[in-house]
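Trainee: Structure incoming, see below.
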Amino acid sequence: MIDDSKPIFLQIAEMIENDIVDGVLAEESQVPSTNEFAAFHRINPATAAKGVNLLVDDGILYKRRGIGMFVATGARDKLVGRRRDEFFVQYVKPLAREARKLGISSGQLAEMLGKEIDTDGAPGPTERVVAL
Amino acid sequence: MSWAVDNRAVKVARMQLINKWTFLGIPAIILTGSFLLSLAVFAVIPVPDAPKYSGAGQAVMWYFFALGIQSLTLTFPFSQGMSVSRRSFFLGTVGLFAVVALVVSGLYVLLGMAEVATKGWGMNGRMFALQWIADSGVGVQFLFYFALMMLLFILGFWFATVYKRWGATGMLVLWLAVGVLLVGLVALVTWQDWWAPVGTWLAAQGPLGITGWSLLFTALLGGGAYLTLRRATP
Amino acid sequence: MSAEIIRVDGLTKHYRGSGDGAPALDGVSFSIEADKIYGLLGRNGAGKTTIMSILTAQGFATAGSVRVFGQNPYENERVLNRICFIRESQKYPDDFNANHAFKAAALFFDNWDQSLAMRLAKDFQLPLKRRIKKLSRGQLSAVGVVIGLASRAELTFFDEPYLGLDAVARQLFYDRLVEDYTEYPRTIVLSSHLIDEVANLLEHVIVIDQGRIIMDDDAESLRGSAVAVAGQAARVEVFTAGRTVIHREGFGALASVTIDGVLSAGERAEAAELGLELAPVSLQQLVVRRTIKGAVDDGSADGAARQGTKQGDTARMEATR
Chain A
1 MIDDSKPIFL QIAEMIENDI VDGVLAEESQ VPSTNEFAAF HRINPATAAK
51 GVNLLVDDGI LYKRRGIGMF VATGARDKLV GRRRDEFFVQ YVKPLAREAR
101 KLGISSGQLA EMLGKEIDTD GAPGPTERVV AL
Chain B
1001 MSWAVDNRAV KVARMQLINK WTFLGIPAII LTGSFLLSLA VFAVIPVPDA
1051 PKYSGAGQAV MWYFFALGIQ SLTLTFPFSQ GMSVSRRSFF LGTVGLFAVV
1101 ALVVSGLYVL LGMAEVATKG WGMNGRMFAL QWIADSGVGV QFLFYFALMM
1151 LLFILGFWFA TVYKRWGATG MLVLWLAVGV LLVGLVALVT WQDWWAPVGT
1201 WLAAQGPLGI TGWSLLFTAL LGGGAYLTLR RATP
Chain C
2001 MSAEIIRVDG LTKHYRGSGD GAPALDGVSF SIEADKIYGL LGRNGAGKTT
2051 IMSILTAQGF ATAGSVRVFG QNPYENERVL NRICFIRESQ KYPDDFNANH
2101 AFKAAALFFD NWDQSLAMRL AKDFQLPLKR RIKKLSRGQL SAVGVVIGLA
2151 SRAELTFFDE PYLGLDAVAR QLFYDRLVED YTEYPRTIVL SSHLIDEVAN
2201 LLEHVIVIDQ GRIIMDDDAE SLRGSAVAVA GQAARVEVFT AGRTVIHREG
2251 FGALASVTID GVLSAGERAE AAELGLELAP VSLQQLVVRR TIKGAVDDGS
2301 ADGAARQGTK QGDTARMEAT R
């Protein structure tokens, strides 16, 4: 699950984010501890802590003294909003580029997308990454 | 500081005793075995008048020579892995052996007394109360045995240290040096025609003198072994 | 943030009898901070064991200075009794079995945890009553691993602890290490040439090659710090022009070039436009490629010859992944 493409703490943060967006981790629910992340992914505990702290600094998670980390209220909306902004750059732009290359018109593209979204239906992505 | 060092030295001694056989069991077996064997031999050869001498008392001393070698070659590298300083290793190991040597020397004196009291175990045998030393009194006997045991142990320890530090080449050089020194001394004495005075001097030393010289030599070797060990690597 | 517990300056080591050959260590300087897991990485014979020997006063430096816990470790019990270093070729008394060795360790290491030692010995299926000299290579390594972990020394060195251990036992070691470290944080220095296996455990990486330090960085800043660009040779050249090239491989019309640095989203898009593939570079690949680059930079015929042998080793190193 951990790969070499980028720092591990970013990957840990992304995994937690994905679980929040997917609803696996509900708001105000407890997040696994740093040590649990470290043991499960066989990574350095300091690295796992760095990933979790990134989300704390971001206001996605918050710390309850002596108990652990929890998902903040409003964390999901915040993440979804941010991802919608990124969606355009990450998915729409390359899609448009490839469509142009293959001579697919914007109308055809819209039709294809409409069909795909309607048949797939379900809101969540089919492939889901579970943080733990 | 010094307490910490001494404490670690005591731990080294305890480490050397983890396997009880090496420092206690095997010497005890050698001692008992050679004693019983000598008694058996005394019983087989019936010569009533002249005392029958047995060299079996030496057996355990030669084991101490081997023990000196072994406690360095194998235990020193291990002690380094246990984060023990060379100083603590030296003090603990030599200290433990000194205690063993004290006990065995005491035992020799006691056995020598028993030997005299029982008229050579009833068979006129001599193993511990060797004539020329038994005449010198308990204190000298005790010191004599102790000095001899320490000398043999330190000799083995020192040879092993030299080997550890300078390898086979160092060993060869050492043996050559010792050989040259001895041959040189003999040549010098012969050339100067000193044999007669040397003989007289040796005879005049007696057990106490020889004990003193052995202890001095042991101390020198011990110092040499320590200085060599200070720069040895496991 | 963390306290520095080791400071090494200009450390040089010539082994006696190595003639006028290259020194085992050549002016090495670095520092180590408390409570982190360090990787001391490099090929066999790079100088890893030599460094650890000198840090623990088991070996001697030819030049340079070493401070451990702020002091010279040589004959210094106050420093030594906070350290555990079981070397890869550790010797044990002839008549010792594993139980004896653990009893000795219990004497000298103040934080020794006997129940942990017994649990680990069971995990590694170590025969406790068999003489150590009759153990297999893997079992011998396991004895060292058990002592290293159960000593809980403030500063613990593991010297290629996996030799002879199978994949399951190695994983067991890594798991127990993370587990115990999490519970009892301390400074761990793990020497290894199986970089991929240990990469994720490390917080900081020191890479040594031919007696010199070639990398000394946080593991996280190294991850993703390089990228491999593959595709048509001409296009790869255009894309990588002006960048720091770490490694270059060619396969006829195709090329794969590893470059230093992180690509922006725009640059990634540009690479996609050119039909180039971007692949992440693992820590091990990064180390291997940097090591090879070092040899190429020598420039001399000698350097080229060395590179030849090195690439053989690289292949072997990568084959072990």
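Protein chains in written order, with the working numbering: chain A, 1 to 132; chain B, 1001 to 1234; chain C, 2001 to 2321. Heads up, the beta-carbon is just placed ideally off N, CA and C, and yes, glycines get one too.
#1: Residues bridged to D2110(C) by DSSP?
#2: Scan the region 1008-1025 of chain B for residues whose Cβ lies nearer than 8 Å to a Cβ of chain C and list them as they occur along the chain.
#3: According to a CB-to-CB cut-off of less than 9 Å, which residues of the region 16-48 of chain A neighbour chain C?
#4: How about R2007(C) and P7(A): are their beta carbons less than 7 Å apart?
#5: Kindly indicate the opening and closing residues of the beta strand (DSSP E) around K63(A).
#6: Any C-beta of chain B sitting closer than 7 Å to the C-beta of K2331(C)?
#7: If you draw a straight line from the C-alpha of P2280(C) to the C-alpha of G1092(B), how long is it?
#8: For M69(A), which beta-bridge partners are listed by DSSP?
#9: Which runs of the beta strand (DSSP E), 3 residues or longer, sit entirely within the region 1149-1198 of chain B?
#10: Go to P2185(C), then tell me how far its alpha helix (DSSP H) extends in each direction, as first and last residue.
#11: Rounded C-beta distance between T1161(B) and T1228(B)? I'm assuming under 8 Å.
#12: Taking only beta-carbon positions, decide if V2282(C) is within less than 7 Å of chain A.
#13: Can you list, in chain order, the residues of its chain whose CB lies under 7 Å from that of A2106(C), leaving out five sequence neighbours each side?
#14: Give the secondary structure of M2215(C) by DSSP, where H, G and I count as helix, E and B as strand, and everything else as coil.
#15: Pairs of beta-carbons, one from the region 1062-1072 of chain B and one from the region 1140-1153 of chain B, closer than 8 Å: are there three or more?
#16: Return the residue from the list G74(A), F88(A), A96(A) and P45(A) that minimises the CA-CA distance to I20(A).
#17: Less than 7 Å between CB atoms is the rule here; does G2148(C) satisfy it with respect to chain A?
#18: Are there 16 or more other CB atoms within 10 angstroms of the CB of P45(A), so buried, or fewer, so exposed?
#19: Between the alpha carbons of R1008(B) and M1127(B), how many angstroms are there, rounded?
#20: Note down, one range per segment and in chain order, each beta strand (DSSP E) of at least 3 residues found wholly within the region 2120-2182 of chain C.
#21: Answer yes or no: do H2247(C) and R2289(C) have a C-beta to C-beta separation smaller than 7 Å?
#22: Please report how far the alpha carbon of S33(A) lies from the alpha carbon of G51(A), in whole angstroms.
#23: Determine which residues share a DSSP beta bridge with K2013(C) and list them.
#24: Can you find the residues in the same chain that come closer than 7 Å, C-beta to C-beta, to L2025(C), ignoring five residues on each side of it along the sequence?
#25: Report yes or no: do the region 2271-2286 of chain C and the region 2227-2243 of chain C share at least 3 C-beta pairs separated by less than 8 Å?
#26: Assuming the contact rule is C-beta atoms closer than 8 Å, S2136(C) and D2159(C) should be a hit. Round their C-beta distance to whole Å, please.
#27: Out of S2141(C), R2119(C) and M2118(C), which has the shortest C-alpha to C-alpha gap to K2091(C)?
#28: Just to check, is the beta-carbon of R2243(C) closer than 6 Å to a non-hydrogen atom of the ligand GTP?
#29: Taking only the alpha-carbon atoms, compute the straight-line gap between R2043(C) and Y91(A) and give it to the nearest angstrom.
Mentor: Taking the structure as given:
#1: Counting from one through the third sequence, the residue named residue 2110(C) turns up at place 110. The partner list for D2110(C) (beta bridge, DSSP) is empty, contrary to what the question assumes.
#2: R1008, K1011, R1014, M1015, I1018, N1019, W1021 and T1022
#3: Residues passing the 9 Å Cβ filter: T34, N35, A38, A39, H41, R42, I43, N44, P45, A46 and T47.
#4: Here residue 2007(C) is taken as the residue at index 7 of the third sequence, counted from 1. Here residue 7(A) is taken as the residue at index 7 of the first sequence, counted from 1. Cβ distance not < 7 Å, so R2007(C) and P7(A) don't count as in contact.
#5: Residue numbering aside, residue 63(A) sits at position 63 when the first sequence is read from its first letter. That run of the beta strand (DSSP E) goes L61 to R64.
#6: This structure cannot settle anything about residue 2331(C), because the visible part of chain C is limited to 2001 through 2321.
#7: Counting from 1 along the third sequence, the entry for residue 2280(C) is found at position 280. Counting from 1 along the second sequence, the entry for residue 1092(B) is found at position 92. Spanning the two alpha carbons is a distance of roughly 56 Å.
#8: Here residue 69(A) is taken as the residue at index 69 of the first sequence, counted from 1. DSSP, once it has assigned bridges, lists V31(A) and K63(A) as partnering M69(A).
#9: none
#10: On the third sequence, residue 2185(C) is found 185 positions in, with the first residue counted as 1. Unbroken run through P2185(C): none, as it is neither H nor E.
#11: The sequence position of residue 1161(B) within the second sequence is 161, counting from 1. The sequence position of residue 1228(B) within the second sequence is 228, counting from 1. Correct: roughly 4 Å between the Cβ atoms.
#12: Here the question's residue 2282(C) lines up with position 282 in the third sequence. Note that residue 2282(C) is Ser in the sequence shown here, rather than Val. Yes, its Cβ sits closer than 7 Å to a Cβ of chain A.
#13: For the purposes of this step, residue 2106(C) is identified with residue 106 of the third sequence, where counting begins at 1. Here the set comprises W2112 and Q2114.
#14: Against the third sequence, residue 2215(C) aligns to sequence position 215. Taken through DSSP and simplified to helix, strand or coil, M2215(C) comes out as strand.
#15: yes
#16: In the first sequence, the residue the question calls residue 20(A) occupies position 20. Ranking the options by Cα distance to I20(A), first place goes to G74(A).
#17: Walking along the third sequence from the start, residue 2148(C) turns up at place 148. No - not a single Cβ of chain A is within 7 Å of the one on G2148(C).
#18: What you label residue 45(A) is simply residue 45 of the first sequence in a count that begins at 1. Its Cβ being crowded by 16 or more others within 10 Å, P45(A) is buried.
#19: The count along the second sequence starts at 1 and reaches residue 1008(B) at position 8. The count along the second sequence starts at 1 and reaches residue 1127(B) at position 127. C-alpha of R1008(B) to C-alpha of M1127(B): approximately 39 Å in a straight line.
#20: 2155-2159
#21: Looking up residue 2247(C) in the third sequence gives position 247. Looking up residue 2289(C) in the third sequence gives position 289. Taking C-beta atoms as the reference points, H2247(C) and R2289(C) count as a pair closer than 7 Å.
#22: The residue you call residue 33(A) lines up with position 33 of the first sequence. The residue you call residue 51(A) lines up with position 51 of the first sequence. When rounded, the distance between both Cα atoms is 11 Å.
#23: In the third sequence, residue 2013(C) corresponds to position 13, counting from 1. Paired residue(s): L2025(C).
#24: Translated into positions along the third sequence, residue 2025(C) becomes position 25. Beyond the five residues adjoining it in sequence on each side, L2025(C) comes within less than 7 Å, by CB distance, of L2011, T2012, K2013, G2047, T2050, I2051 and G2211 in the same chain, given in chain order.
#25: yes
#26: Here the question's residue 2136(C) lines up with position 136 in the third sequence. Here the question's residue 2159(C) lines up with position 159 in the third sequence. Wrong, their Cβ atoms sit about 18 Å apart, outside the cutoff.
#27: Taking the third sequence and counting its residues from 1, one reaches residue 2091(C) at position 91. The shortest Cα separation from K2091(C) among S2141(C), R2119(C) and M2118(C) belongs to S2141(C).
#28: In the structure shown, the ligand GTP is absent, as is every other ligand, since no ligand is present at all.
#29: What you label residue 2043(C) is simply residue 43 of the third sequence in a count that begins at 1. What you label residue 91(A) is simply residue 91 of the first sequence in a count that begins at 1. Distance between R2043(C) and Y91(A), taken at the CA atoms: about 43 Å.
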